[in-house]
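Some notes on the structure that comes next.
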Amino acid sequence: MSVPFVDLRAQYEALKSEIDPAIQTVIDGTAFIGGKDNPFVRTFEESFAAWLGVDEAIGCANGTDAIEILLQAAGIGAGDEVIVPALTWISTGEAVTTIGATPVFADIDPATFTIDPASVEQAITERTKAIIPVHLYGHPADMGAIMAIAERHGLLVLEDCAQAHGAKVGGRMVGTIGDMASFSYYPGKNLGAYGDAGGMVARDPAIAQRARMLANHGQSRKHDHQFEGRNSRLDGIQAAVLSVKLPHLDGWNARRGQAARKLTAGIAARCPGVVPPQIADGSSHVFHLYVVRNRNRDGLAQALKQAGIANAVHYPIPLPLMPAYARFGHTAADFPAAVTACAEILSLPMYPELGDAEIEAIVSVVETFARTDICG
Ligand SMILES: *Cc1c(COP(=O)(O)O)cnc(C)c1O
0 MSVPFVDLRA QYEALKSEID PAIQTVIDGT AFIGGKDNPF VRTFEESFAA
50 WLGVDEAIGC ANGTDAIEIL LQAAGIGAGD EVIVPALTWI STGEAVTTIG
100 ATPVFADIDP ATFTIDPASV EQAITERTKA IIPVHLYGHP ADMGAIMAIA
150 ERHGLLVLED CAQAHGAKVG GRMVGTIGDM ASFSYYPGKN LGAYGDAGGM
200 VARDPAIAQR ARMLANHGQS RKHDHQFEGR NSRLDGIQAA VLSVKLPHLD
250 GWNARRGQAA RKLTAGIAAR CPGVVPPQIA DGSSHVFHLY VVRNRNRDGL
300 AQALKQAGIA NAVHYPIPLP LMPAYARFGH TAADFPAAVT ACAEILSLPM
350 YPELGDAEIE AIVSVVETFA RTDICG
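Read left to right, the sequence shown gives residues 0 to 375 (numbering that gives the first Met the number 0).
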């Protein structure tokens with residue numbers, strides 16, 4: 000049996016009767032371009048804000064822009080430092096550089112793979128302005144510790160929620176805890192559009208308004224450019240697709256959770272040396288990715304691939320050790336937890352439609368490998 004990594008087609012088939020007319024309505028109304036006066040964008044922004052439990056959510060073109068624009072709206076720029084985790088997708092670092100500030104990398108907690116508060120504390124200098132915890136793979140970062148550090152040092156916190164729509168920590172939704180939050184609706188994310196799309200949230204209404212204007216050429220209304228911004232609008236078709244999908248998000252997250260529990264039960268009972276994802280006390284995990292650890296990760300990846308089970312590594316190299324950040328002169332010794340994780344992590348198939356037969360196929364290949372591998 001072959002198992003894909005994600006199955007966006009299955010989700011579309013289930014919603015086709017709602018999605019096709021929603022897209023057609025945008026076309027019929029030629030409501031293509033986003034902005035405050037696009038009814039499809041407004042509807043999605045309002046329903047996403049209500050779902051999250053905040054006053055306002057702002058659509059933008061993608062999750063990378065969301066980070067950049069929020070940092071810019073908060074007045075962060077040249078000469079400032081922003082602390083980001085060593086293990087994340089490059090957007091988190093890239094956004095900091097794009098607005099002229101400097102990313103400073105912190106190591107991760109080896110159990111949850113999210114930014115390590117102790118390492119954040121060590122990275123703080125007099126130039127530090129903000130911390131970007133990433134709720135990696137769908138597991139919340141340690142927000143209690145991070146908010147306490149931020150408060151002590153007068154820093155802003157921007158939650159990168161691109162992989163964690165609906166995750167909770169201490170009963171609170173991620174994206175409602177820090178000063179600001181960015182979301183990605185890239186098609187493969189837990190809530191995905193049919194193209195690029197992103198969202199922004201800010202607790203301070205002045206930052207929210209600046210972010211909204213920055214994403215639309217600095218306009219407060221048409222032809223009233225208060226400052227220079229950029230074109231980073233959420234378009235009508237993406238907003239309409241997202242509005243159809245949003246009511247299903249909690250159900251999809253629950254199904255990801257059920258699939259993850261079954262994978263974890265099988266792996267814990269039958270696969271020695273393979274470590275299933277850990278969930279910190281008080282956290283709920285939305286399993287954007289289901290990431291296991293094994294000392295012979297490449298061997299496990301190969302065995303799964305040969306059996307037709309898709310898998311991937313998120314991510315193979317800590318961000319500060321990539322050529323893109325060679326200018327900082329970091330070595331592996333600077334991020335021991337991230338370096339070890341990058342050598343051992345493997346993402347197994349995970350999507351809401353993942354069924355029991357697929358789960359058994361995955362566990363049985365992992366079991367055969369684990370019981371025969373001499374390195375494991
Ligand atoms: C996907 C992702 C982003 C960026 O989102 P895009 O919409 O692809 O620009 C940012 N941070 C993390 C952690 C992501 O996974």
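From the three backbone atoms N, C-alpha and C, an ideal C-beta is built for every residue, glycine too.
Check                                                                                                                        : Outcome
Stretch-stretch touch, CB-based, cutoff 8 angstroms, three pairs: the stretch 30-44 with the stretch 235-246                 : yes
Distance, G92 Cα to P84 Cα                                                                                                   : 8 angstroms
T91 CB to nearest heavy atom of ligand 1 below 7 angstroms                                                                   : yes
Three-state class that DSSP yields for L155 in the structure shown                                                           : strand
Segment contact flag, the stretch 154-161 with the stretch 246-261, C-beta cutoff 8 angstroms, min 3 pairs                   : no
Heavy atom of ligand 1 within 7 angstroms of N61 beta-carbon                                                                 : yes
Same chain only: Cβ atoms within 6 angstroms of R229, ignoring 5 sequence neighbours per side                                : none
Between the CA atoms of T97 and R209 - distance to the nearest angstrom                                                      : 17 angstroms
Distance CB(S242)-CB(S46) smaller than 8 angstroms                                                                           : yes
Closer than 7 angstroms: K188 CB and nearest ligand 1 heavy atom                                                             : yes
Nearest residue (CA-CA) to R292, options P315, G217, G256, A180                                                              : P315
Whether A149 touches P116 by CB criterion (8 angstroms)                                                                      : no
Endpoints, the alpha helix (DSSP H) within which R269 is located                                                             : 248-269
When I344, E359, M321, L288 are compared against F4, the one with the closest alpha-carbon                                   : L288
Residues that T127 bridges to, as DSSP identifies them                                                                       : E80
Own chain partners of G25 with C-beta closer than 6 angstroms, once the 5 adjacent residues on each side are dropped         : For the record, residue 25 in the displayed sequence is Val; it is not Gly. Excluding positions up to five away in sequence, the list reads F39, G235, I236, A239.
G197: CB within 7 angstroms of a non-hydrogen atom of ligand 1                                                               : yes
Where G375 falls: helix, strand or coil (DSSP)                                                                               : In this prediction, G375 scores a pLDDT of 48, lower than 50, which makes its location untrustworthy; the coordinate-derived value is nonetheless stated afterwards. In the structure shown, G375 sits in coil (DSSP, three-state: anything other than H, G, I, E or B).
Any 3 or more C-beta pairs closer than 8 angstroms across the stretch 7-14 and the stretch 354-364                           : no
First and last residue of the uninterrupted alpha helix (DSSP H) at G198                                                     : Looking at the DSSP string, G198 is not in any alpha helix (DSSP H); the run it does join, the beta strand (DSSP E), is 197-201.
Member of R202, A306, T101 whose CA lies at the smallest distance from the CA of A56                                         : R202
Cβ-based neighbour list, E352, same chain, cut-off 6 angstroms, excluding 5 preceding and 5 following                        : D6, A9
Residues of its chain near D27, where Cβ-Cβ distance is below 6 angstroms and the 5 sequence neighbours each way are ignored : none
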